[in-house]
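The listed protein sequences derive, respectively, from chains B and W. Counting from 168, one number per residue, gives the positions in the first sequence under this note's numbering. Counting from 1233, one number per residue, gives the positions in the second sequence under this note's numbering. Each residue gets a CB set at the ideal place from its N, CA and C atoms; glycine is no exception. These figures come from a predicted structure and were not determined experimentally. Below is one structure, written out as structure tokens; comments come after it.
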Amino acid sequence: MLEMRKDIFADERDDDLREVGRPTQRQDILGHVTGTSAYYDDHHFANLLHLKVLRSPHPHARIRSIDDAAAARAPGVKRIIRGADVPVNLNTLLSLIQFGKDDEPSLATETVRYRGEPILAVVATSERAARQALELVRISYDPLPAVFDVEDALKPGAVSVNPVYPKNTFDYHRKYDHQKLRFGDVEAAFAKADMVFEERYQMSPIEHAPTETNGSIAVPDTNGRFTVYTSTQALFFSLDTSAKINAMPSNQLHFIGGTVGGGFGGKVDTLTEPLAILAARLTGAPVRYRLSRHEEMQFGSPRGAERIYIKDGVMRDGRIVARKVRAYFDSGAYTRLSSYAVVKCVAHIPGPYTIPNVHGDVYCVFTNRTPATAMRGFGVTALDFALECQMDKDAVAIGMDPLEFRVLNAYRDGDMKAHRRVAKNCALIECAQVAAERAHWPLRDEFRRMSSRKGGGEARAEAVADRTLKPAPPGAPRTPASSSQRAAYERPPADAKSPASPARDMPSPAAPPPSGSTHGVRRFSSIFGTRRR
Amino acid sequence: MARHRGRGVATINYPIGMNLGGDPSQALVHSNPTGKFTVSLSSIDLGQGMKSVTRQICAETLGVPIEDVYVDTADSDTGPHCMGSFASRGTHRVGNAVMAAAREARGVMMEAAAEELEVDPGDLETDGRGSIHVKGAPHRAISVRDVAIAAQFRQGKTISGRGIFLVPLSEVDPETGEMSPATCYAHACQIVDVEVDDETGDVTVLKMTSAYELGRAINPKLVEQQLVGGSWMGMSHALYETPEPYYPDAREGPRDFNEYLMPGPGDICPHDIIVLERPAADGPFGAKGPGEMCANPSLPAIANAIFNAVGVRIDELPITPERVLRALRARGRSVAPSRAR
């Protein structure tokens, strides 16, 4: 049962709306419940071809030779596609926004880096014919040692997984192997804390498990265009990725999607469209490439597993005075989106609490497993698990009620957050109060009277300078913070000259204005004209 | 050997949208010749209700009935750019873009109506039922249909609007992590009651009680659908799921839904849900987004409830019966719940 508590924050809201706030029936409900909504795979074509890929049985191996002669002669086979046939075989998803280096082949050529990595594609008149042809391909491998544990991957002498990132870590700002967060002085605070706790947490990989597996159908259209029916959850992301890999102008592709059988983050990676389009170009026929349930579960990018260490300094009166987080994100063999999950994680430390001293080091680590990708709660879910278990342990150790402990430390309007922005529009305390009341969790009066809108700011608005950081000499040029993070779809700057950004030593009271020179907004002034890398 | 009850809690917040590379979405709104509106998007409806949420926002902004608005999604030839349906950004980013486009279209509609009624556009208002009239004089009215016909065939006006909403790129400082990761945050507190069998290690989730703060529930039924589904996913993450059961060992994992464990209908528990609305300054009608955040509190709340029930901490997911039994055995003494709640 859902209850709306309109009485809370009523003074911040107009409740005189006509359509917004009503439980109107979904626009698409009739189609969904009668089975007539068209998903990508509900489009039928008489001469449809089917694409299947051959996947590596080894987590790490050199490919010595590939013999596909028998497969090419097999019944129903129209075409075999190898890495050399892919116009731009090496790609990374976030190259569209200039974040990271191209590190993942559509089809592996010399080395495979995870069990299940695609090596070769067969295009045939039926899925069965394609599968049977794959059985006839002979590949000779030299197995290589593999690394699976994120901390093992960082040890000296560890197997190097991905030659683009030979030390098994993503590059941040072209100078660090992790993203840092520094706020206050955690070591000094630990020294003064009444109690210090350090704990280790391990998130598991998770499968998105959508009802509809990843897939697409590419259909040759007139005038050299291709229509692509797709299950993507990011239409232009997939279109532009496909255009890049196929070295085609983006306006030769017409993507149609929009009714998708569940995504949860697992349909951003554009796993099928580029090869389906390539196969349609090479054969002149419509081509479908859809993942089987087995492929979806084992090779269709899971939620990345994360290992998180948290060290807290707590006072007996219930205040948390320091929190230090070290986390390792298991990206698998290639980057996909884990590099950005790290940034989201760093922004989320130390959780929704006001803590004066915070320290974070978060790594994106390469291992010989299926590349991880985005999933619901991207970069945050595992950290929330770790933080909220840690909060519980802290509370038990100092003998405080776990919910009162959270309310006491909750962030409030006006507080300075660790990423140096002032908190506003907070509501953690109110959520705790309302849930406690409903569940008959006994909160004492003083905690029932607390408010996100009162008691914040002032001393809590100050960012303590981190004494472990060397201040930049006056007038020294700042390191371009955005050297590897530029505005959407932008051309790389001719010379990486940093745009103006706020000085380091101040607590910025509000989000800075958009930096004038690099911003993508002008590049989106028309509908079709300017999507260019 | 016995079953032990326990209760755990978690409080969380969640950033709405992404900031990498800037985070834009666009929308186009136009009227057909008889006053029915189409919203053109390239955004995706994953089942979360994108079409319905943007439809309500558009109807509200235009001041027309919901039946007169249809949302068309995900065609790259007709829908303008959207980053995608992820990062809990749909309601906030696309909703804002649709609002901007609808506002522009409404402006033309009101001008066209004013020309027909020979009054100032500022003196007009919509009644939300398909009619436009002079404020304070409802009899001096014209239907949206007639306005559209007039605009199209007599006045030569296009009742249409373009909208974009952009959260600009925030740089991340390499040394301090200083950044603007999001413009607003949703909030949640979840209290979970569990029962733990110390003989089998089975954990049964008995009840969830949750409060979520979402800025504005554009459609409370869709919000409820998200919150119920998200809590199920959180419970599934906490107790059941993984494609790599021996992680970081990469031995073969499940291949289908017979082998990949998730809670079935019999494992679902009653869930009391309360929604709070503290509007975000830059949200469409204050809305944030319930999408991702609602799965997150269940993982730790369940782990904390297990501790409360049987006194062991399991810091590795998923919390399978095997892990519960191993933890109980490692502790090596009889169960003494830490604290009654």
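- Task: Let me know if W:Tyr1478 comes out buried or exposed under the rule of 16 or more other beta-carbons within 10 Å of its beta-carbon.
- Result: exposed
Item to check | Cutoff 8 Å: W:Gly1433 Cβ touching any chain B Cβ | outcome: no
DSSP three-state label for B:Val513, please. helix
Inset, instruction - Could you tell me if B:Pro647 is buried or exposed, where buried requires 16 or more neighbouring beta carbons within 10 angstroms of its beta carbon? - result: A caution first: B:Pro647 carries a pLDDT of 40, below 50, which makes its placement in the model too unreliable to give a value.
Judging by CA-CA distance, which residue of B:Val509, B:Ile230 and B:Ser468 is the nearest neighbour of B:Val529?
B:Val509
Report task. Classify B:Asp182 as buried or exposed, calling it buried when 16 or more other Cβ atoms lie within 10 Å of its own Cβ. Result -> exposed
Whole beta strand (DSSP E) runs in the stretch 323-403 of chain B with 3 or more residues, listed along the chain? 346-350, 362-369, 382-387 and 393-397
Open item on the list: For a cutoff of 8 Å on Cβ pairs, would you count W:Ala1572 as touching chain B?
Closed with: Bear in mind that the predicted position of W:Ala1572 carries a pLDDT of just 49, short of 50, making it too unreliable to give a figure here.
What number of angstroms, rounded off, separates the C-alpha of B:Arg658 from the C-alpha of B:Ser409?
For B:Arg658, the predicted model reports a pLDDT of 40, less than 50, meaning its position is unreliable; a value from the coordinates is still stated below. Cα to Cα, B:Arg658 sits roughly 18 Å from B:Ser409.
field: Residues sharing a beta bridge with W:Tyr1479, DSSP
entry: W:Tyr1479 pairs with nothing; no bridge assigned.
Could you give the first and the last residue of the continuous beta strand (DSSP E) run that contains B:Cys598? Counting along the chain, B:Cys598 falls outside any beta strand (DSSP E), though it belongs to the alpha helix (DSSP H) covering Leu595 to Ala606.
*At a Cβ threshold of 8 Å, is W:Phe1517 touching chain B?*
yes
#### Entry: Assigned exposure category for W:Arg1361 - 16 Cβ within 10 Å defines buried
exposed
Between the stretch 1311-1324 of chain W and chain B, which residues of the former have a C-beta closer than 8 Å to a C-beta of the latter?
Gly1311, Pro1312, His1313, Cys1314, Met1315, Gly1316, Ser1317, Phe1318 and Ala1319
Quiz item: Does the stretch 1467-1483 of chain W come close enough to the stretch 458-473 of chain B that 3 or more CB-CB pairs lie under 8 Å?
Solution: yes
> Does B:Pro285 have its Cβ less than 8 Å from a Cβ in chain W?
Replying inline: no
Practice problem: Can you tell me which of B:Asn592, B:Asp252 and B:Ala296 puts its alpha carbon nearest to the alpha carbon of W:Gly1518? | Solution: B:Asn592
Consult DSSP for B:Ser417 and reduce its assignment to one of helix, strand or coil. helix
Using the three-state DSSP reduction, which class does B:Ala494 fall into: helix, strand or coil? strand
Report task. Less than 8 Å between the CB atoms is what I'm expecting for B:Phe176 and W:Arg1448, so what's the real figure, rounded? Result -> With 8 Å as the limit, B:Phe176 and W:Arg1448 do not qualify as a contact, their Cβ atoms being about 10 Å apart.
Check your understanding: Can you list, in chain order, the residues of its chain whose CB lies under 6 Å from that of B:Phe350, leaving out five sequence neighbours each side?
Key -> Val525 and Ala585
field: Cβ-based burial, B:Ser232 [other Cβ within 10 Å; buried from 16]
entry: exposed
Boundaries of the alpha helix (DSSP H) in which W:Val1285 is found, first to last residue
Met1282 to Leu1294
Three-state secondary structure (DSSP) of W:Ile1298: helix
8 Å Cβ cutoff, W:Arg1559 in contact with chain B: Going by the sequence as given, residue 1559 of chain W is Ala instead of Arg. Judged by the 8 Å Cβ criterion, W:Ala1559 is not in contact with chain B.
So, using beta-carbon positions, are B:Ala238 and B:Ile247 closer together than 8 Å? yes
Do we get a CB-CB distance below 8 Å when we pair B:Leu184 with the residues of chain W? yes
Using a beta-carbon distance below 8 Å, is B:Tyr308 in contact with chain W?
no
Review point. Are B:Val304 and B:Asp234 touching if we call contact CB-CB under 8 Å?
Key: yes
- Closer than 8 Å, CB to CB, is W:Ile1289 near chain B or not? yes
- Message: Determine, for W:Lys1453, whether the minimum Cβ-Cβ distance to residues of chain B falls below 8 Å.
- Response: yes
Could you please tell me which residues of the stretch 1493-1512 of chain W, in chain order, have their CB closer than 9 Å to any CB of chain B?
Met1494, Pro1502, His1503, Asp1504, Ile1505, Ile1506, Val1507, Leu1508, Glu1509, Arg1510, Pro1511 and Ala1512
Is W:Gly1327 buried or exposed, if buried means 16 or more other CB atoms sit within 10 Å of its CB? buried
Going by DSSP, name the residue or residues bridged to B:Val506. According to the sequence provided, residue 506 of chain B is Ser. The question's Val does not apply to it. According to DSSP, which records beta bridges pairwise, B:Ser506 is partnered with nothing at all.
**Prompt:** Is the shortest distance between the beta-carbon of B:Gln299 and the beta-carbons of chain W less than 8 Å?
**Reply:** no
Chain B beta carbons: is any one of them nearer than 8 Å to that of W:Thr1305?
yes
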